[in-house]
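Note sheet for the following structure.
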């Protein structure tokens, strides 16, 4: 029985890059699923408003305003929650990395100004 051959640095780096790509695909899939649920909630509320308008054609303008106002609140709230919680949770590592890079560039610029 022969010993397994050692992998080269190129093979190791290629495997590492492939793993990073797979992790990014999983993050994107989670983000897409969250977005899907937000869209379903908004479209369901929109369909309910349209149903109310069809069933009650003599609805007052005030009630129509209330229904569309609540739809607007649903849209804004859903998108806000999606960005605040889902986006930050899914892409937390990427956000930290961007902040770290930004801090490093600021430090480098300050060092150049001091010289």
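Numbering (the UniProt record's numbering), first residue to last: 1 to 115.
Glycine residues also receive a C-beta, built at the ideal position from the N, C-alpha and C atoms.
Since the model is a prediction, treat every value here as computed from it, not as a measurement.
- Remark: three or more beta-carbon pairs, one from each stretch, lie closer than 8 Å, so the stretch 28-45 and the stretch 76-91 are flagged as touching.
- Residue 5 and residue 95 have their C-alpha atoms some 39 Å from each other.
- Taking C-alpha positions only, residue 68 is separated from residue 62 by approximately 10 Å.
- Restricting attention to 45, 18 and 109, the CA atom closest to the CA of residue 71 is found in 45.
- In this structure the stretch 15-35 lies against the stretch 86-105, because at least three pairs of beta carbons, one per stretch, are closer than 8 Å.
- When DSSP states are grouped into helix, strand and coil, residue 56 belongs to the coil group.
- According to the DSSP assignment, residue 61 belongs to the alpha helix (DSSP H) that extends over 61-81.
- Under the three-state reduction of DSSP output, residue 100 falls in the helix class.
- At the C-beta level, residue 54 and residue 74 stay beyond 8 Å of one another.
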